Structures are given as C-alpha cells and as structure tokens.
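*Asks:* Before I ask anything, let me first share the structure, which is written out below as structure tokens.
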Amino acid sequence: MASIKEIKNQINSVINTKKITKAMEMVAVSKMRKTEERMRFGRPYSKIIRKVINHIVQANLEYKHSYLENRKMNRIGIIIVSTDRGLCGSLNSNLFKKVLFKIQEFAEINVPCDLILFGLKSLSVFRSCGSKILAQIDNLGENPNLIKLINSANIAIEEYECRRIDKIFIAYNKFCNKMYQRPKIDQLLPLPKIKITTTTNFKKWDYLYEPESKLILDVLFKRYIESQVYQSILENIASEQAARMLAMKTATDNSANRIKELHLLYNKVRQANITQELTEIVAGATAVSTN
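What follows is the structure, given as structure tokens:
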C-alpha cells in the first residue's frame with residue numbers, strides 16, 4: 001500500500017492537473033464563441049452560392065464546363081482538414097478513420113490518391129499511408145488567412161484541370177452543436193449531381209449571360225469551390241474548440257473524482273497507521289507490565 005506522503009503527492013499532482021484542464025476549458029469556451037460566430041456568418045453565403053450553382057447545373061448550358069464533366073477515375077485527390085493541436089478528444093481520429101476507409105475503397109479498384117493536408121495532425125498520420133502529399137498547411141489559427149488557404153486548394157484544382165486528378169473530395173468535421181461534431185467527406189469536383197424533380201426534367205431553359213457564359217461560369221464555379229473549402233475549414237475550427245471544451249470538461253470532472261478517491265485512500269492509510277501505532281503501544285505497555 002502507498003505511503004501517506006506518496007498519496008499526498010498524487011493528490012497535489014491531480015489538483016494541479018485539474019487547475020490546468022479547467023483553465024483550458026475556459027479558454028476553449030471563449031474561443032468557441034468566436035469561431036462558432038464566424039462559422040455561422042459564413043454559412044449563408046456558402047448555402048446561397050451552392051443553391052445558385054445547383055440551379056445553373058439544371059439549365060441547358062451551351063458552354064460545358066470542365067467542373068461538370070464526369071471522367072473515368074484514374075486518380076483522385078482529397079483535401080483533409082484537421083487541427084494543429086491535440087487535446088480535442090476523438091475529433092481527428094474519427095475523421096482520419098473515415099478518410100482511410102475512403103482511400104482503401106479506391107485502392108481496391110487501383111485508384112491512387114493525392115492529398116492536400118491542413119493541420120499538423122493530418123501530416124503525422126498520412127505521411128506514412130503511401131499517398132502522395134501535394135501540399136501541407138499548418139498554423140491555421142482561429143481566423144485563417146483566406147488567400148493562403150485558397151492558394152493551397154488551387155494546387156488540387158490545377159491538377160484536376162490538367163486531368164492528372166479526376167475527382168476531388170474534401171474531408172472535415174461539420175459543426176452540428178457544442179456536443180456533437182460529425183466527420184464528413186464532400187465531393188468538390190466534378191460538381192455533384194442533384195436530384196431534379198419530374199416537372200423540371202422536361203424543361204429546356206438557360207440564362208442570358210453578359211458578357212459571356214464562359215467568363216461568368218469560370219469565375220462563379222471558382223468562387224463556389226473557394227467558398228466550400230473556406231467554409232469547411234471554419235466548420236472544422238469551430239468543431240475543434242467545441243471538442244476541446246468537452247474534452248477538458250471531462251478531464252476536469254475525472255480529476256475531481258480522482259481527488260475524492262485519493263482522499264478516501266489517504267484516510268484509510270492514515271487510519272491504518274494510527275491503528276497500528278496504537279496496537280504497538282498497547283503491546284509494548286502489556287509487555288512492560290508483564291515484566
């Protein structure tokens with residue numbers, strides 16, 4: 001059984017750990033409010049531009065954009081959005097499992113995969129998975145630089161336009177609420193088909209473009225890809241702070257429970273020592289009186 005001094009040292013150690021996790025929880029709460037607000041401000045733009053793109057895709061376009069072309073898959077690309085730091089529970093591991101299953105599915109049909117990694121945690125995992133890493137960005141922070149992110153994502157887009165990649169996916173954690181974040185893999189290119197109602201199947205219509213459809217669609221599709229990448233990163237950052245807040249709260253609660261257990265153990269050991277000392281005193285007194 002541990003001595004009283006060892007138990008006291010353990011109690012002090014757990015108390016210090018509890019203070020640290022509590023402080024980290026409060027910091028995560030403060031950051032989560034800011035990142036969640038920034039993420040929610042970006043959602044309307046992302047949804048509206050997606051709605052516009054879906055509406056355009058249904059039209060009878062004269063200009064066939066390469067982003068709408070379905071090709072035979074010879075190679076795919078995945079943009080993986082992870083965190084730079086740990087201590088956020090199973091947020092990264094759940095996403096990485098989903099991505100590795102995706103890579104395995106394509107490997108079974110002999111389709112290799114190229115990766116673009118956002119965050120240090122993804123680099124430590126996918127560096128040794130056998131896939132080619134086209135680019136890697138770290139130190140995203142709570143308010144990432146849009147130009148820096150888009151330049152990295154454009155590497156995959158250029159590979160797609162040069163027909164070296166036939167499909168691009170983006171993997172990230174979608175912020176559902178403070179208690180739940182869902183790992184998700186969305187298809188970026190080619191633009192995924194949407195379900196069209198029966199009444200619209202018989203309609204043949206198009207827009208009038210000014211100055212011309214090629215110029216407008218090129219810019220519009222590019223802005224769409226940029227908005228989806230940026231919004232995915234904002235979703236992941238908000239998910240990170242929410243997951244860290246929950247993980248630190250759990251660690252704080254576990255520390256409090258451990259402190260209670262150690263106090264009980266301390267009292268038991270102390271009581272056992274007192275009982276032993278009393279027994280020794282009584283035995284000594286008995287021996288003296290007998291003599």
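Oh and the sequence shown: position 161 is 161 in the UniProt record's numbering, straight run, nothing missing.
All residues carry an ideal CB built from backbone N, CA and C; glycine is no exception.
For clarity, every value in this text was computed on a predicted model and none was experimentally measured.
Can you have a look at residue 86 and say buried or exposed, based on whether 16 or more other CB atoms are within 10 angstroms of its CB?
*Replies:* So residue 86 counts as exposed.
*Asks:* As a quick exercise: from 168, 49 and 25, pick the residue whose alpha carbon is nearest that of residue 80.
*Replies:* Checking every option, the nearest Cα to that of residue 80 belongs to 168.
*Asks:* Is it true that the region 14-26 meets the region 237-254, where meeting means three or more beta-carbon pairs spaced less than 8 angstroms apart?
*Replies:* Judged by Cβ distances under 8 angstroms, the region 14-26 makes contact with the region 237-254, as three or more pairs qualify.
*Asks:* I'd like to know whether the C-beta atoms of residue 77 and residue 114 end up nearer to each other than 9 angstroms.
*Replies:* Cβ atoms of residue 77 and residue 114: closer than 9 angstroms.
*Asks:* Closest by CA to residue 184, which one among 26, 223 and 232?
*Replies:* Cα-wise, what sits closest to residue 184 is 232.
*Asks:* Helix, strand or coil for residue 42, going by three-state DSSP, please let me know.
*Replies:* In the structure shown, residue 42 sits in a helix (DSSP, three-state: H, G or I).
*Asks:* Are residue 261 and residue 35 closer than 9 angstroms when you measure CB to CB?
*Replies:* It is not a contact, given that the beta carbons lie outside the stated cut-off.
*Asks:* Taking contact to mean at least 3 C-beta pairs separated by less than 8 angstroms, is the region 91-100 in contact with the region 168-179?
*Replies:* As far as the Cβ criterion goes, the region 91-100 touches the region 168-179, which means the pair count is three or higher.
*Asks:* Quick check on DSSP: helix, strand or coil for residue 220?
*Replies:* Residue 220: helix per DSSP, three-state reduction.
*Asks:* Quick check on the burial criterion: 16 or more other C-beta atoms within 10 angstroms. Buried or exposed for residue 104?
*Replies:* With fewer than 16 Cβ atoms within 10 Å of its Cβ, residue 104 is classed as exposed.
*Asks:* So, under 8 angstroms CB-CB, residue 229 and residue 133 are touching, yes? Tell me the CB distance rounded to an integer number of Å.
*Replies:* About 17 angstroms; that fails the 8 angstroms criterion.
*Asks:* If you run the structure through DSSP and keep just helix, strand and coil, what is residue 23?
*Replies:* In the structure shown, residue 23 sits in a helix (DSSP, three-state: H, G or I).
*Asks:* According to DSSP, simplified to helix, strand and coil, what is residue 311?
*Replies:* As displayed, the chain neither begins before 1 nor continues past 291, which places residue 311 out of reach and without an answer.
*Asks:* Please confirm whether residue 227 and residue 49 have their CB atoms less than 9 angstroms apart.
*Replies:* Yes, they are a contact pair.
*Asks:* Among 283, 269, 158 and 140, which residue has its Cα nearest to the Cα of residue 2?
*Replies:* Per the Cα distances, 269.
*Asks:* For residue 178, does the three-state DSSP call read helix, strand or coil?
*Replies:* Coil at residue 178, not helix or strand.
*Asks:* Taking only the alpha-carbon atoms, compute the straight-line gap between residue 287 and residue 14 and give it to the nearest angstrom.
*Replies:* In a straight line, the C-alpha of residue 287 is about 44 angstroms away from that of residue 14.
*Asks:* Does residue 89 come out as helix, strand or coil in the three-state DSSP assignment?
*Replies:* Looking at residue 89 - three-state DSSP - the assignment turns out to be coil, as it is neither helix nor strand.
*Asks:* Please list the terminal residues of the continuous alpha helix (DSSP H) segment that includes residue 153.
*Replies:* Taken as a continuous stretch (DSSP letters only), the alpha helix (DSSP H) holding residue 153 covers 146-161.
*Asks:* When DSSP labels each residue in this structure, what does residue 304 get in the three-state scheme?
*Replies:* No statement about residue 304 is possible, as the shown extent of the chain runs from 1 to 291 and does not include it.
*Asks:* For residue 155 and residue 11, what's the separation of their Cα atoms in angstroms?
*Replies:* Looking at the two C-alpha atoms, the distance is approximately 52 angstroms.
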